[in-house]
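Oh and the sequence shown: position 120 is 120 in our numbering, straight run, nothing missing. Note that beta-carbon positions come from the ideal geometry of N, C-alpha and C, so glycine has one too. Below: the structure, in structure tokens.
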Amino acid sequence: MADQEQHQQQQPQEKNGRGGVSERARRIQRQLQWRRARGADRAFALDVGGHQLEAIQITGGETSGLGTGAIVWDCAVVLSKYLEKNLKSFQPPPASIVELGSGNGLLGMVCALFFDQAKVVVTEQAPLLPLIHQNLEHNGTNNPRVADVEVVELNWGDRNEQLEADTISWIVVSDCVFNNAPYDLLVDSLVLLAKPETKILISIEHRNHKHEDLFWQAMKEKNFGVETVSREDLDEDFSADDIDVYFLSPPPLVPLAAVPITTLA
Numbered sequence: 001m002a003d004q005e006q007h008q009q010q011q012p013q014e015k016n017g018r019g020g021v022s023e024r025a026r027r028i029q030r031q032l033q034w035r036r037a038r039g040a041d042r043a044f045a046l047d048v049g050g051h052q053l054e055a056i057q058i059t060g061g062e063t064s065g066l067g068t069g070a071i072v073w074d075c076a077v078v079l080s081k082y083l084e085k086n087l088k089s090f091q092p093p094p095a096s097i098v099e100l101g102s103g104n105g106l107l108g109m110v111c112a113l114f115f116d117q118a119k120v121v122v123t124e125q126a127p128l129l130p131l132i133h134q135n136l137e138h139n140g141t142n143n144p145r146v147a148d149v150e151v152v153e154l155n156w157g158d159r160n161e162q163l164e165a166d167t168i169s170w171i172v173v174s175d176c177v178f179n180n181a182p183y184d185l186l187v188d189s190l191v192l193l194a195k196p197e198t199k200i201l202i203s204i205e206h207r208n209h210k211h212e213d214l215f216w217q218a219m220k221e222k223n224f225g226v227e228t229v230s231r232e233d234l235d236e237d238f239s240a241d242d243i244d245v246y247f248l249s250p251p252p253l254v255p256l257a258a259v260p261i262t263t264l265a
């Protein structure tokens with residue numbers, strides 16, 4: 001795994017267009033159409049795959065014990081729209097999906113809509129579980145697949161025998177690597193849940209490069225591989241220069257024959 005600067009996408013070479021407006025300027029204009037502070041909104045609506053989801057939010061979550069997960073963050077939108085754009089390329093489709101740090105449940109609901117044969121499990125800490133259930137009920141009336149999403153309480157780093165026993169096709173993570181997030185516990189959960197065949201899809205907004213470095217170093221020490229999704233594969237409108245999407249691959253299981261065995265006399 002390379003260093004942090006290799007994980008971050010290089011800015012595309014800018015070309016001036018009509019009136020001297022660069023591609024980057026037009027890209028930023030498109031981003032500003034959907035990127036804004038939404039923490040004070042009662043809900044956030046997102047159209048995906050011909051469906052409209054409305055994620056109910058709780059304002060002031062960071063000061064009321066709910067943390068940052070009670071509202072929709074841009075990383076969840078970028079990752080959702082990436083899935084929508086590339087849906088046909090995911091073959092075979094995942095049979096099971098687990099989301100870590102689900103927040104208010106938006107990304108998990110998107111996964112349930114797109115992969116209608118998959119078992120979808122969203123996980124979060126206890127304080128946010130009522131909000132997730134509220135959103136599943138709110139959206140499940142018009143989208144029956146959403147109502148099938150399972151909700152599991154999980155603190156990063158904790159053991160969960162049922163999840164660990166399952167063979168998980170995908171683990172999805174959105175905006176869980178930031179200043180105050182316990183990246184080491186997130187890594188622990190990825191190690192506990194991922195099998196060699198599991199794909200891990202994670203979106204990161206680049207805020208604190210030092211904190212990201214620590215996350216990537218921890219992943220490197222656990223022998224995870226990483227591939228940065230090309231910006232060309234992201235949605236043209238619902239993408240951002242400071243948000244990247246990555247596929248992580250767990251290390252293969254070590255064959256028993258390759259493990260040194262010491263025979264005690």
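At what residues does the alpha helix (DSSP H) containing residue i begin and finish?
i    : result
K88  : No alpha helix (DSSP H) contains K88, which DSSP labels as neither H nor E.
A218 : H209 to E221
Where does residue i sit, in a helix, a strand or coil, going by DSSP?
i    : result
F115 : coil
E124 : strand
P252 : coil
E23  : helix
A194 : coil
Y246 : strand
G101 : coil
A265 : Confidence at A265 is low in this model, with a pLDDT of 34, below 50, so the placement of that residue should be treated as unreliable; the coordinate-derived value is given next. A265 falls in the coil class under three-state DSSP.
N179 : coil
V187 : helix
Q33  : coil
A240 : coil
L234 : coil
A76  : helix
L107 : helix
Q10  : In this predicted model, Q10 has a pLDDT of only 47, less than 50, meaning its place in the structure is not dependable enough to derive any value.
L66  : coil
A258 : With a pLDDT of 47 at A258, under the threshold of 50, the predicted position of this residue should be treated as unreliable, though the coordinate-derived value follows. In the structure shown, A258 sits in a helix (DSSP, three-state: H, G or I).
I298 : Since the first residue of the chain shown is 1 and the last is 265, residue 298 is not available in this structure.
I28  : helix
Hey, quick one: how far does the beta strand (DSSP E) through residue i stretch, first residue to last?
i    : result
D47  : A43 to V48
S203 : K199 to E205
W170 : W170 to S174
E54  : H51 to I56
E266 : Nothing can be reported for residue 266: it is not among the residues displayed for the chain, which extend from 1 to 265.
Got a sec: is the Cβ-Cβ distance from residue i to anything in chain D below 9 Å?
i   : result
Q91 : Note that chain D does not occur in the displayed structure, where there is just one protein chain.
By DSSP's criteria, residue i is part of a beta bridge. Which residues make up the other side?
i   : result
S96 : K119
Mind checking whether the beta-carbon of residue i lies closer than 8 Å to any heavy atom of the ligand MN?
i    : result
L129 : Ligands in the displayed structure: none, and consequently the ligand MN is not present.
Segments of 4+ residues assigned as alpha helix (DSSP H) that fall wholly inside the segment 140-167: 144-147 and 161-165
Tell me, please, whether the segment 156-172 touches the segment 47-59 by the rule of three or more beta-carbon pairs shorter than 8 Å. no
Quick check: the segment 143-157 against the segment 180-190, are at least 3 beta-carbon pairs closer than 8 Å? yes
Check whether the segment 197-214 and the segment 125-138 touch, using three or more Cβ-Cβ pairs below 8 Å as the test. no
If we count Cβ pairs, one from each stretch, closer than 8 Å, do we get three or more for the segment 226-238 versus the segment 25-39? yes
Kindly confirm or deny that the segment 121-129 and the segment 40-57 touch, where touching means at least three C-beta pairs closer than 8 Å. no
Below 8 Å, can you find three or more Cβ-Cβ pairs linking the segment 89-108 to the segment 215-231? no
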